[in-house]
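Numbering (the UniProt record's numbering), first residue to last: 1 to 333.
Ideal Cβ placement from N, Cα and C applies to all residues, glycine included.
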């Protein structure tokens with residue numbers, strides 16, 4: 001079968017022929033129908049992110065995957081051949097979080113094997129293209145908003161970086177009643193998209209009036225919550241300066257760069273907080289599927305295009321270069 005493989009030692013990525021996997025005890029195999037291309041995948045290929053628990057040098061990328069069960073391993077109950085499913089983006093192995101497509105083979109392939117407990121049935125009304133990226137592109141901001149940050153309705157919130165995760169954050173903040181929602185991005189297209197997704201205000205971080213515009217929008221109080229979806233040091237410094245008394249900055253974007261507080265005394269005096277966030281739990285995906293079933297959210301606008309699996313490298317390039325300002329490009333085997 002075809003699979004998009006990364007050698008983490010050499011940094012070489014290629015779509016190549018590999019042996020088909022088969023479902024072992026407690027596993028199922030799915031015929032992949034759609035797999036999302038995430039900025040984390042780009043960062044893995046570029047070497048900015050490294051797998052922590054990979055056994056060997058090579059891995060099939062792809063942590064956002066949906067398809068049809070075509071093989072059920074021994075001991076699996078409650079799942080049957082022919083079911084439409086998505087795969088959770090990772091799983092626990094004891095106290096360790098393992099990420100699909102990072103620490104073990106993922107969904108950039110014609111077939112993918114998954115532990116039965118990470119397989120989630122989806123309704124016929126939800127397309128594979130929209131279902132595949134609910135784990136991560138939607139569930140990560142949902143978990144950050146509802147669990148790590150614990151955002152309350154009618155609280156002022158800022159979202160830095162309106163890409164794949166940030167755009168969904170704006171949409172989901174609107175669902176829970178955060179207000180006002182201020183989106184921050186240097187790209188005019190991203191700011192326009194933020195307004196379409198429900199932001200009350202979209203600002204250029206380089207605007208010389210940035211601070212006063214945030215103050216005006218929040219009645220001089222500042223932001224109760226700020227989210228960094230970009231993983232950029234300058235973003236974190238700017239976001240910290242906009243927080244209200246007791247305000248909370250939640251770091252979702254990943255970076256290996258140090259974290260700097262622009263004014264430590266002010267930060268302490270105002271009793272502000274910084275929290276790290278990574279991924280989501282199985283419950284967050286299930287919550288989102290419930291919201292989809294009740295027509296509270298839908299993600300058709302998030303599918304920026306479909307690309308054949310064989311052209312995965314081109315999809316990576318498009319995302320890296322922000323060609324067409326994509327939210328999610330979808331690989332189709």
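1. Taking the beta carbon of residue 15 as the centre, do at least 16 other beta carbons fall within 10 Å, making it buried, or is it exposed?
2. Taking the alpha-carbon positions, what's the residue 230 to residue 75 distance?
3. Who does residue 7 pair with in a DSSP beta bridge?
4. Which of helix, strand or coil does DSSP assign to residue 41?
5. When you compare each of 104, 221, 266 and 90 to residue 237 by their alpha carbons, which one comes out closest?
6. Relative to the C-alpha of residue 227, which candidate in 268, 142, 208 and 217 has its C-alpha closest?
7. Report the rounded CA-to-CA distance for residue 28 versus residue 109, giving the unit in angstroms.
8. Does residue 201 come out as helix, strand or coil in the three-state DSSP assignment?
9. For the beta strand (DSSP E) that residue 244 lies in, which residues bound it at each end?
10. Is the segment 149–166 touching the segment 180–192, taking contact as three or more C-beta pairs under 8 angstroms?
11. Express the C-alpha separation of residue 2 and residue 11 in angstroms, rounding to a whole number.
12. Please confirm whether residue 62 and residue 112 have their CB atoms less than 9 angstroms apart.
13. Helix, strand or coil for residue 128, going by three-state DSSP, please let me know.
Let me spell this out:
1. Position 15 of the chain shown holds residue 15. Residue 15 is buried by the Cβ-count criterion.
2. For this step, residue 230 is matched to residue 230 along the chain shown. For this step, residue 75 is matched to residue 75 along the chain shown. C-alpha separation (whole angstroms): 42 angstroms.
3. As a first step, residue 7 must be located in the chain shown, where it is residue number 7. DSSP lists 12 and 58 as partners of residue 7.
4. Looking up residue 41 in the chain shown gives position 41. Of the three classes helix, strand and coil, the one that applies to residue 41 here is helix, per DSSP.
5. Reading the chain shown from its first residue, position 237 is the one you call residue 237. Of the candidates 104, 221, 266 and 90, the one whose C-alpha sits nearest the C-alpha of residue 237 is 266.
6. Taking the chain shown and counting its residues from 1, one reaches residue 227 at position 227. Checking every option, the nearest Cα to that of residue 227 belongs to 142.
7. As a working note, residue 28 is residue 28 in the chain shown. As a working note, residue 109 is residue 109 in the chain shown. Whole-angstrom Cα-Cα distance: 15 angstroms.
8. Looking up residue 201 in the chain shown gives position 201. The answer is strand: DSSP assigns residue 201 an E or B state.
9. Within the chain shown, residue 244 is the residue found at index 244, counting from 1. Taken as a continuous stretch (DSSP letters only), the beta strand (DSSP E) holding residue 244 covers 243–251.
10. yes
11. Taking the chain shown and counting its residues from 1, the one referred to as residue 11 is at position 11. Taking the chain shown and counting its residues from 1, the one referred to as residue 2 is at position 2. For residue 11 and residue 2, the distance between alpha carbons rounds to 19 angstroms.
12. In the chain shown, the residue the question calls residue 62 occupies position 62. In the chain shown, the residue the question calls residue 112 occupies position 112. Against a cut-off of 9 angstroms, the Cβ pair of residue 112 and residue 62 comes out as a contact.
13. Within the chain shown, the letter at position 128 stands for residue 128. Three-state result, residue 128: helix.
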